[in-house]
Structure formats: structure tokens, C-alpha cells
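Residue numbering for the sequence shown follows full-length UniProt numbering, beginning at 1 and increasing consecutively.
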Amino acid sequence: MDAQAEGSGQTEPGEPIPLSALQHAVYCLRQAALIHLERLWADNRFTAEGHVLHAVADKGGARKARGVRRAMALPLACRRLNIAGVADVVEFHPTPDGGEIPFPLEYKRGKPKLHRSDEVQLCAQALCLEEMTGASVPAGALFYAETKRRTEVPFDAELRALTEETIRALAQVLAASQTPPPTLKRERCRACSLLELCRPAIVAKPVRAWRRRMVERELAEPLP
Numbered sequence: 001m002d003a004q005a006e007g008s009g010q011t012e013p014g015e016p017i018p019l020s021a022l023q024h025a026v027y028c029l030r031q032a033a034l035i036h037l038e039r040l041w042a043d044n045r046f047t048a049e050g051h052v053l054h055a056v057a058d059k060g061g062a063r064k065a066r067g068v069r070r071a072m073a074l075p076l077a078c079r080r081l082n083i084a085g086v087a088d089v090v091e092f093h094p095t096p097d098g099g100e101i102p103f104p105l106e107y108k109r110g111k112p113k114l115h116r117s118d119e120v121q122l123c124a125q126a127l128c129l130e131e132m133t134g135a136s137v138p139a140g141a142l143f144y145a146e147t148k149r150r151t152e153v154p155f156d157a158e159l160r161a162l163t164e165e166t167i168r169a170l171a172q173v174l175a176a177s178q179t180p181p182p183t184l185k186r187e188r189c190r191a192c193s194l195l196e197l198c199r200p201a202i203v204a205k206p207v208r209a210w211r212r213r214m215v216e217r218e219l220a221e222p223l224p
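Here's what the structure looks like:
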């Protein structure tokens, strides 16, 4: 689910962190803070295409085919991690003992990314589903519009750790109500819909100067 569908307004202290905020936090903590603290948002071609792609899933409802139950626009939450949001689709695959295994499916524009923002968002959905259903969720899938096929994502220990680490980092930023300085990752900055609002090259200059002064001052101080 995209940021506007889950709410890109300011996240108040104690409120659950939106699942969509996690993909922003993996991509750039500053981007996440600009959206969820400063209420800034700007559509570009990529975000507009994403809105269109989610239109069908956002209608909600459920259906069953070949024994697999599918719930669309399913609300999710995890109290332990204080996260909440809406899954595009969750499939419930039957097991031989009559149970069901949840399988989250998220729709994305484009193709698989080099960074893991989409995977973290999907894994967070799995963590919610595990708490809500009590069932283990070993994997999910991302459906990319450009490739027109699913990319299965196993929720291994590494991805689970990255997801929880991202949640903690974003929670600290939101609790402090302070937007981090830009990191100037040029490739990501160029593709960011908030580039003109963020102005990383301009904002980073005084930050770099301040850091340089702090280093020079520390080096100049005599050793104890």
C-alpha cells in the first residue's frame, strides 16, 4: 500500500507507525521524516503510476479460488512493534491439517529494486500477520507491473532483523520529532519525489561545515 493510502500525515507520539513509512525509512530516513513529521508530499510519475496500480486492491473484499482464500485491502497491526497499515492482498493457503498459512502479496510499479525497501514493508506485514493469526508466515511476494510476475520473498532471519531495526530507527526519529540531515546518496536522491522539497545539496552544506568544525575542535583539544 502506498503512503497516501495509509495516510502521509504527521504521526503523533504513541500512534502506530504506518507500514508504508518503512519503505521510506529504508530508502532514506530523512524522506520518511519529511513525509510523516513535516507532512510534505510530492507526486512524480513513479508515485502516480503506483496509485493506479493499487486501485484494484484498494477496493477491498475477499474471494476464494483453487482452495486459496484472498483478502484484499486487509487492515494489519502489530502491538509489539507498534506498526499498522493495510495489505494489498493476503492469500490464505490451506494446510493438510485444515489450517491456513498467510501469504502477503504487495503490488509495486516498475521492477525489483537494488535496495530492500519493498521487502522490508512486506516483511512488516508478515510480522503483523503472525501476531494477529498466531501462524508462522515464512514468505510473501511482490508483484511488479513492469515484469508482470511475482517475486517471492522469504522472510529469513536477516530480513526480519533489518525490518525490526528499521522500525526502531524510524520510531526514534518520530519520537524525537526531528528530521535527520540529508545523506546525499545521489542515485536515490535523483529518483526521490521529494527532491525539490528536500534540497539535499543545499541543506547538506551547513551540516558538513558543522561536522568539520566539530572534528577540528576535537583534534585541537589537548589529550587528558
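For glycine and all other residues, C-beta sits at the position ideal for the given N, C-alpha and C.
- Secondary structure at cysteine 128: helix, using DSSP grouped into helix, strand and coil.
- With respect to the 8 Å criterion, glutamine 31 and glutamine 121 are not classified as neighbours on the basis of their beta carbons.
- Considering only Glu187, Pro182, Ala191, the residue with the shortest C-alpha distance to arginine 199 is Pro182.
- In the structure shown, the three-state DSSP call for cysteine 192 is coil.
- For histidine 93, the enclosing beta strand (DSSP E) starts and ends at 83 to 94.
- Around the beta-carbon of glutamine 125, 16 or more other beta-carbon atoms lie within 10 Å, marking it buried.
- Approximately 6 Å separates the beta-carbon atoms of glutamate 91 and leucine 105; this is inside 8 Å, confirming the contact.
- Under a 10 Å Cβ-count criterion, glycine 67 is classified as exposed, with fewer than 16 other Cβ atoms of the shown protein chains found around its own Cβ.
- At the C-beta level, leucine 29 and glutamate 164 stay beyond 8 Å of one another.
- Assignment of leucine 19 by DSSP, reduced to helix, strand and coil, places it in the helix class.
- Taking every protein chain shown into account, the CB of lysine 108 has 16 or more other CB atoms within 10 angstroms, so this residue is buried.
- For threonine 151, the enclosing beta strand (DSSP E) has its first and last residue at 149 to 154.
- In the DSSP annotation of this structure, leucine 37 is not part of any alpha helix (DSSP H), being labelled neither H nor E.
- A distance of 8 Å or more separates the beta carbons of arginine 190 and leucine 162.
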